[in-house]
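Engineer:
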Amino acid sequence: MSSNIPRNSGPGGTVLCEHCSTRGRCLFSVLSLPNNDHFRSFVRERAVGVGETLEAEGSLGQTLGVIKVGLLRGVRGHPGEDGKSVLLMGKGRLVGFTLPFGQAALLSLVAITPTRVCEVDIRVVRDLAMPHEPFQQAIYRAIAGFVGTMADWSRLLREDSYLVKVGAALRLIAAEEGSSSFRIPSHTELANVLGARRETVARHIAILIDKGLFRKIDRWHGVLTADRSAWRRAGAARS
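The sequence shown maps to residues 1 to 239 in full-length UniProt numbering.
1. Apart from the five residues just before and just after Arg215, which ones in its own chain have a Cβ nearer than 6 Å to its Cβ?
2. State the DSSP-derived secondary structure class of Ser85, mapped to helix, strand or coil.
3. Measure the CB-CB distance between Glu177 and Thr115 and report whether it falls below 9 Å.
4. Would Val95 and Leu106 be called neighbours here (beta carbons separated by less than 9 Å)?
5. So, for residue 268: in the same chain, excluding its five sequence neighbours on each side, which residues have a beta-carbon less than 6 Å away from its beta-carbon?
6. With H, G and I counted as helix, E and B as strand and the rest as coil, what does DSSP make of residue 303?
7. Express the C-alpha separation of Pro131 and Arg73 in angstroms, rounding to a whole number.
8. Beta-carbon within less than 8 Å of Val86's beta-carbon, same chain only, minus the 5 sequence neighbours each way: which residues are those?
9. How big is the Cα-Cα spacing for Gly13 and Arg46?
10. Identify which residue in Ala142, Phe182, Gly195 has its Cα closest to the Cα of Arg158.
11. Just the Cα atoms here: how many angstroms apart are Ala175 and Ala142?
12. Would a C-beta distance cut-off of 9 Å place Gly61 and Ile122 closer than the cut-off?
13. DSSP state of Lys216, grouped into three classes?
14. Closest to Val48 by C-alpha separation, out of Glu57, Arg197, Gly58, Val69, would be which residue?
15. Pull up the CB-CB distance for Thr22 and Gly83, whole angstroms please, since I reckon it's below 8 Å.
What follows is the structure, encoded as structure tokens:
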């Protein structure tokens, strides 16, 4: 492995990992010591601005990343051209999970909220991590989880009620955050992934709030206040 691959600032990186709220979902935490300390010395954290593309469909990138905080939209096709949003993904999801297997990216991933990602050069992953079965099993689980999330987003598009669609989308976002309270993506982003108009999304979020199913904390954040069955009852009442 090349000695030119940059490392993080040193021991401080490990301390930050120990206190990270994403640790329970992080692929980079599964190696046993001392392998983990050595591997994590190569982990670099960086901020990603809204609208920045982390991965482009069909590309072979140089790093494997874990989303520490933030929300990305997965786009099939070319963003801004024929691309369509097919899912939203967040905390603990992988960026570049096809790379350890030498495969090109399946989707383009674009940040839709302020995001931070921890990433490692793919050469380090192949040399230090992939030979270990716990890491292999963890990346397989992460890929299976990604496929399940894509299926969840695909399923909600088949709901007849927009109230159920919007409610289900908010629940999926909460699941990505690992919390019933979360940063709300723009109505435009939600509309794109739901195949709806922005005004339709805004109207049905307002209905959820009126029914006590969702509460705004501030301009950017909200909290779910009811379970799925309550949303389905509300959706049936609107049908």
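Glycine included, each C-beta is placed from N, C-alpha and C at the ideal position.
Structural biologist: By the coordinates alone:
1. Here residue 215 refers to the residue found at position 215 when the sequence shown is read from its first residue. Answer for Arg215: Val223, Thr225, listed in chain order.
2. To locate residue 85, count along the sequence shown from 1; it is residue 85. Strand at Ser85.
3. Taking the first residue of the sequence shown as position 1, residue 177 is located at position 177. Taking the first residue of the sequence shown as position 1, residue 115 is located at position 115. No.
4. Sequence index remark: in the sequence shown, residue 95 carries index 95 (1-based). Sequence index remark: in the sequence shown, residue 106 carries index 106 (1-based). No, Cβ-Cβ distance for Val95 and Leu106 is not below 9 Å.
5. Missing from the structure shown is residue 268; the chain here goes from 1 to 239 and no further.
6. Any answer about residue 303 is impossible in this case: the structure gives the chain only from 1 up to 239.
7. Here residue 73 refers to the residue found at position 73 when the sequence shown is read from its first residue. Here residue 131 refers to the residue found at position 131 when the sequence shown is read from its first residue. The straight-line gap from Cα to Cα measures roughly 31 Å.
8. Along the sequence shown, read from residue 1 onward, the residue named residue 86 stands at position 86. Excluding residues up to 5 positions away in sequence, Gly74, Val75, Arg76, Leu107, Met150, Trp153, Ser154, Val193 lie with their Cβ nearer than 8 Å to the Cβ of Val86 in the same chain.
9. For the purposes of this step, residue 13 is taken as the residue at position 13 of the sequence shown. For the purposes of this step, residue 46 is taken as the residue at position 46 of the sequence shown. Because the pLDDT of Gly13 is 41, which lies under 50, any placement of that residue in the model is unreliable, and the question is left without a value.
10. Sequence index remark: in the sequence shown, residue 158 carries index 158 (1-based). Among Ala142, Phe182, Gly195, the Cα nearest to that of Arg158 is on Gly195.
11. The residue labelled residue 175 in the question sits at position 175 within the sequence shown. The residue labelled residue 142 in the question sits at position 142 within the sequence shown. One C-alpha to the other measures close to 15 Å.
12. Residue mapping note: residue 61 aligns to position 61 of the sequence shown, counting from 1. Residue mapping note: residue 122 aligns to position 122 of the sequence shown, counting from 1. It is a contact, given that the beta carbons lie within the stated cut-off.
13. Taking the sequence shown and counting its residues from 1, one reaches residue 216 at position 216. In this structure, Lys216 counts as strand in the three-state DSSP scheme.
14. As a position in the sequence shown, residue 48 is number 48, starting the count at 1. Val48 has its Cα closest to that of Val69, out of Glu57, Arg197, Gly58, Val69.
15. One-based indexing of the sequence shown puts residue 22 at position 22. One-based indexing of the sequence shown puts residue 83 at position 83. At roughly 27 Å, the Cβ-Cβ gap does not stay under 8 Å, so Thr22 and Gly83 are not in contact.
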